[in-house]
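This is the structure:
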C-alpha cells in the first residue's frame, strides 16, 4: 500500500548546500590568494571585516593548516598565507580538509542505513556523489577567481 504524503518545499531546504565552515574557509582562502608575496593575512582583522566569529574562524584555519593548505606566522606582523599554488588547490580538497568527504546523503556509506541492500535510491545517490566530487575537483582556487567578478581584497601585514 502506498501513501501520499504532502511535502512542503522551501527553497533553502531542498538545495544541496555547503556548510558555513566551508563557506568561511573558502572566503579566507580566496582572500589569501589576493595578498602579495611576503605578506600575511591577519585572521583577526579578516574575521572583523567579514563579521565572522574569530574563534569559529580559528577552528577552520586549524583544519586548513593540518591539510597543508595554509601556513602561519606568529607575532605582531604574523598571520596566514597559502602554502601551495592556488592553481593546485581544488574545491574538493578544501571541502575535504574542512568537513571530510562531501556528499548529498550520508546513507551511501556502508552500514549507515538499515535498509542498505534493498534501498532503490542508494545507487543513484552514489552516482550523484561521484558527479559532485568530479565537479569540485575541476575547480581550483585560481579558476574560481578567474570565473568570479569579485575583486578579492584582504588585510595584509608584511612578512
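In the UniProt record's numbering, the protein residues as written are 1 to 159.
C-beta atoms are modelled at their ideal positions from N, C-alpha and C, and glycine is treated no differently.
Test item: CB-CB of residue i and residue j under 9 Å
i, j, result
"residue 69", "residue 99", "no"
"residue 86", "residue 37", "no"
"residue 102", "residue 32", "no"
"residue 56", "residue 43", "no"
"residue 50", "residue 27", "yes"
"residue 29", "residue 117", "no"
"residue 127", "residue 107", "no"
"residue 64", "residue 136", "no"
"residue 72", "residue 61", "yes"
Exposure of residue i, with buried meaning 16 or more beta-carbon neighbours within 10 Å
i, result
"residue 76", "exposed"
"residue 140", "buried"
"residue 97", "buried"
"residue 66", "exposed"
"residue 22", "buried"
"residue 95", "buried"
Assigned secondary structure, residue i (DSSP; H/G/I helix, E/B strand, else coil)
i, result
"residue 85", "coil"
"residue 121", "coil"
"residue 148", "coil"
Beta carbon proximity, residue i to chain D, threshold 9 Å
i, result
"residue 22", "As a matter of chain content, chain D is missing from the structure shown, which is built from one protein chain."
Uninterrupted beta strand (DSSP E) stretches inside the segment 14-79 (no shorter than 3 residues): DSSP runs (the beta strand (DSSP E)) wholly in the segment 14-79: 39-41, 70-73.
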